[in-house]
């Protein structure tokens with residue numbers, strides 16, 4: 001008899017969890033009744049439920065006790081009780097990873113899998129595949145093939161989903177079941193068709209040509225399952241993105257045609273969401289307005305059609321729905337409606353709990369919003385900074401306070417009245433935690449470095465900070481005090497405005513290497529790899545905090561990983577630190593038999609070209625694969641490192657080492673013709689077994705270009721003016737160019753940034769509207785560790801005229817930039 005609990009019972013506590021006070025040892029004692037004869041299904045079922053509950057609560061079962069319980073449970077297969085049998089399957093899956101010798105139930109599961117009871121067969125397949133390893137898989141291969149094409153949908157689906165899980169364990173075996181999976185893909189059952197398509201895709205996803213053929217087949221023949229259609233859309237979209245296909249692609253036509261499908265899963269999304277807005281179910285209304293809210297962030301015009309429905313949701317009894325409706329309307333409404341909506345929001349704010357109004361996420365959203373407004377609209381800078389000054393007077397969150405202080409140090413000194421921010425910053429030194437005090441000291445130093453009239457006052461305040469109780473605060477104050485007292489712009493730029501732009505893991509490794517090999521030469525910062533994470537002005541707003549608050553270990557960057565991989569190859573030892581690694585460049589079409597892409601690695605005097613190759617032909621094995629390169633300029637090919645073997649669909653890499661020309665430093669651009677050469681051995685497509693004999697062959701790749709951008713690493717200079725003064729004008733050169741084919745300043749700015757591969761500073765990549773002139777500031781480091789700065793003055797007339805001024809500490813670098821632009 002099941003007792004029915006009403007609401008009062010629940011509130012009084014009588015409906016509490018009956019398993020909450022379970023003890024593992026007591027349950028394992030109870031499990032001994034599994035050995036009794038006759039088996040009591042009801043009691044055994046209850047004990048299995050307890051075991052599964054404990055496992056899912058994270059209770060730790062030792063290997064011995066789990067194995068004992070598992071062995072006792074295997075006796076329950078003697079019972080024909082359906083519910084007990086299915087509970088056994090569940091327990092097997094839960095205990096598969098902690099019990100030893102779970103394969104003892106293989107014969108029982110195989111018997112159920114091939115028996116006459118359809119209700120057992122699907123779950124038995126799933127349990128069997130959970131405990132099967134690579135050595136056993138071939139023993140059940142015949143049964144799996146039969147199950148995939150079984151007429152009972154639940155059995156077929158179970159076999160297909162289990163096969164999908166086993167692809168990770170034994171791809172080569174499951175690959176042999178492709179014919180059965182294709183047969184299942186023509187099933188009338190919508191779930192079987194969906195699962196079959198999923199298995200087929202995962203077996204072919206590394207073979208772009210095979211995926212394309214599969215898409216062509218199913219988009220033309222059609223599918224009955226809307227779930228399978230959704231998966232086809234995802235696959236087609238991914239392939240479109242990878243191949244950079246446009247509106248003319250048949251894949252695009254297929255995705256567009258799905259918008260006219262009669263099934264509501266595939267019908268025009270906004271129309272369905274509009275219908276859901278008036279649903280009697282709160283969950284559907286919430287899902288619809290939440291999705292429309294996300295769409296409105298990027299495509300507000302598409303959501304405008306739903307404005308009336310959203311207006312009706314403002315008074316919804318569910319406050320989450322009402323709030324989302326208002327915020328969506330703010331993105332899509334007109335100027336007049338925004339004013340009306342803002343008045344309605346005031347009533348919402350009073351209903352928001354203190355947890356949301358005082359919490360970190362709420363305050364962070366406010367700070368991020370104000371910072372975004374300041375960055376996008378320079379006229380709002382002073383008002384925004386004033387709001388932030390008030391904000392940190394009562395902000396208990398260290399991360400937000402340091403972020404604001406860093407912004408004030410960056411923007412405050414450039415305002416008409418910088419002195420008014422000093423009080424707010426120094427208050428933080430007096431009242432706040434160590435990390436905030438340290439950030440406040442850094443902000444004060446920036447005011448002193450940029451405003452001569454404020455320098456005496458800042459020095460007095462820093463002197464007080466030198467008596468702080470925290471090491472980090474004292475060290476910063478002492479350091480900045482000594483720098484500012486020199487009154488040298490170059491020192492201010494190097495040590496206060498624009499800090500180091502090196503890779504922190506790279507610096508750690510370089511210093512460690514220096515200590516291992518004692519030398520009389522001082523440590524050279526130019527030997528340290530530069531930071532390669534994409535730098536944006538927004539990211540620099542996070543202030544440096546006290547060292548005790550930093551994470552213990554920084555994740556290595558993409559370039560750090562490449563540095564290690566290349567250093568492990570004997571032929572590349574002695575090249576020095578890796579200066580830059582490019583983004584991958586495709587050297588073959590999307591649907592060719594071999595897929596090759598190249599990553600260009602630049603060193604001080606050499607370049608290494610890494611060719612990632614994939615063989616998409618299942619009847620060939622490629623060996624001794626190299627890429628022969630023929631340079632158009634005075635670049636010298638030094639060495640080729642082959643990829644020993646390229647089996648079907650398994651990527652491999654070969655390398656070519658090039659020496660850069662010493663006699664002509666300005667020769668930074670070169671075009672290479674590339675040919676892939678290899679030994680071919682034909683294979684059996686089913687077993688992958690290659691023939692004994694092979695023959696030499698070659699495959700012509702696309703030409704590969706090396707440009708000036710491959711020799712320059714981006715670095716951000718938060719204060720470009722200070723960096724410009726720091727480099728000095730000893731090697732400054734200037735030239736004027738006419739960009740005749742360029743029609744707008746926006747286009748010119750984009751072209752220059754892409755061509756030179758340098759980092760735009762001071763948000764100068766944003767061209768104000770309706771302007772006929774603009775100044776672009778670019779910063780970078782040239783191969784060899786030489787800072788290079790570019791100031792490009794652009795004027796719009798019939799075309800765009802550009803006056804380029806270049807500064808660097810090395811004259812050759814200046815010549816390289818001007819020669820490449822010309």
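In the UniProt record's numbering, the protein residues as written are 1 to 822. Glycine is no exception: its CB is placed at the ideal position from the N, C-alpha and C atoms.
For this session: Let me know if residue 369 comes out buried or exposed under the rule of 16 or more other beta-carbons within 10 Å of its beta-carbon.
Result: exposed
Exercise. Using the rule of at least 16 other Cβ atoms within 10 Å of the residue's Cβ for burial, across every protein chain shown, is residue 362 buried or exposed?
Worked result: exposed
Exercise. Looking at C-alpha atoms only, which residue of 640, 772, 21, 747 is the closest neighbour of residue 823?
Worked result: In the structure displayed, the chain extends from 1 to 822; residue 823 sits before or after that span and is not available.
Exercise. Per DSSP, residue 796 is paired with what?
Worked result: 800
Problem set entry | Closest Cα partner of residue 764 within the set 793, 755, 271 | 793
For this session: Check whether the Cβ of residue 432 sits closer than 6 angstroms to any heavy atom of the ligand NAD, and report yes or no.
Result: The model on display carries no ligand, and the ligand NAD is accordingly not part of it.
Exercise. Considering only the beta carbon of each residue, do residue 776 and residue 727 sit closer than 7 angstroms?
Worked result: no
Exercise. Exposed or buried, what is residue 615 when buried is set at 16 or more other beta-carbons lying within 10 Å of its beta-carbon?
Worked result: buried
Exercise. Counting along the chain, where does the beta strand (DSSP E) carrying residue 846 start and finish?
Worked result: There is simply no residue 846 to check, as the chain begins at 1 and stops at 822 in what is shown.
Exercise. For residue 594, is the classification buried or exposed, using 16 other Cβ atoms within 10 angstroms of its Cβ as the cut-off for buried?
Worked result: buried
Problem set entry | Where residue 44 sits in the DSSP three-state scheme | helix
Exercise. Within this structure, are the beta carbons of residue 704 and residue 670 separated by less than 7 angstroms?
Worked result: no
Exercise. Assuming residue 215 and residue 251 make a contact with CB atoms under 8 angstroms, what is their CB distance in whole Å?
Worked result: 7 angstroms
For this session: Could you work out which residue in 570, 143, 195, 176 is closest to residue 154 when comparing CA atoms only?
Result: 195
For this session: Would you mind working out which of 460, 473, 88, 529 sits nearest residue 781, comparing C-alpha positions?
Result: 529
For this session: Could you please give me the residues that DSSP links to residue 738 through a beta bridge?
Result: 801
For this session: Give the secondary structure of residue 165 by DSSP, where H, G and I count as helix, E and B as strand, and everything else as coil.
Result: helix
Exercise. Based on Cα-Cα distance, which residue from 606, 647, 643, 645 lies nearest to residue 634?
Worked result: 606
For this session: Could you tell me the boundaries of the alpha helix (DSSP H) in which residue 666 lies?
Result: First-last for residue 666: undefined, no H or E at that position.
For this session: Pull up the distance between the alpha-carbon of residue 464 and that of residue 426, whole angstroms please.
Result: 10 angstroms
For this session: With DSSP collapsed to three states, give me the class of residue 774.
Result: strand
For this session: Could you tell me whether the segment 134-145 touches the segment 85-98, where touching means 3 or more Cβ pairs closer than 8 angstroms?
Result: no
For this session: Taking the CB atoms as reference points, tell me whether residue 660 and residue 624 lie closer together than 7 angstroms.
Result: no
Exercise. What residue does the alpha helix (DSSP H) around residue 495 start on, and which one ends it?
Worked result: Counting along the chain, residue 495 falls outside any alpha helix (DSSP H), and DSSP gives it neither H nor E.
Exercise. Per DSSP, which one or two residues make a beta bridge with residue 606?
Worked result: 659
Problem set entry | Residues near residue 469 in its chain [Cβ-Cβ closer than 7 angstroms; skip 5 each side] | none
Problem set entry | Neighbourhood of residue 316 by C-beta, 6 angstroms cutoff - its chain only, sequence neighbours within 5 removed | 322
Exercise. How long is the line joining the alpha carbons of residue 56 and residue 342, rounded to whole angstroms?
Worked result: 47 angstroms
Problem set entry | Inter-residue Cα distance where the pair is residue 380 and residue 494 | 29 angstroms
Problem set entry | residue 621 (DSSP reduced to helix, strand or coil) | strand
For this session: Take residue 541 and list the residues in its own chain whose beta-carbon comes closer than 7 angstroms to its own, dropping the five residues that flank it on each side.
Result: Only weak support exists for where residue 541 lies, its pLDDT of 34 falling under 50; the value from the coordinates is given anyway. Same-chain partners within the cutoff: 371, 403, 406, 407.
For this session: Report the partner residues of residue 93 according to the DSSP bridge assignment.
Result: Note: residue 93 sits in no beta bridge, so no partner.
Exercise. Under a three-way DSSP split, which group does residue 635 fall into?
Worked result: coil
For this session: Kindly indicate which three-state DSSP category residue 545 falls into: helix, strand or coil?
Result: With a pLDDT of 37 at residue 545, under the threshold of 50, the modelled position of that residue is not reliable, and no figure is offered here.
Problem set entry | Beta-carbon spacing of residue 816, residue 627 below 7 angstroms | no
Exercise. Hey, how far is the Cα of residue 807 from the Cα of residue 567?
Worked result: 33 angstroms
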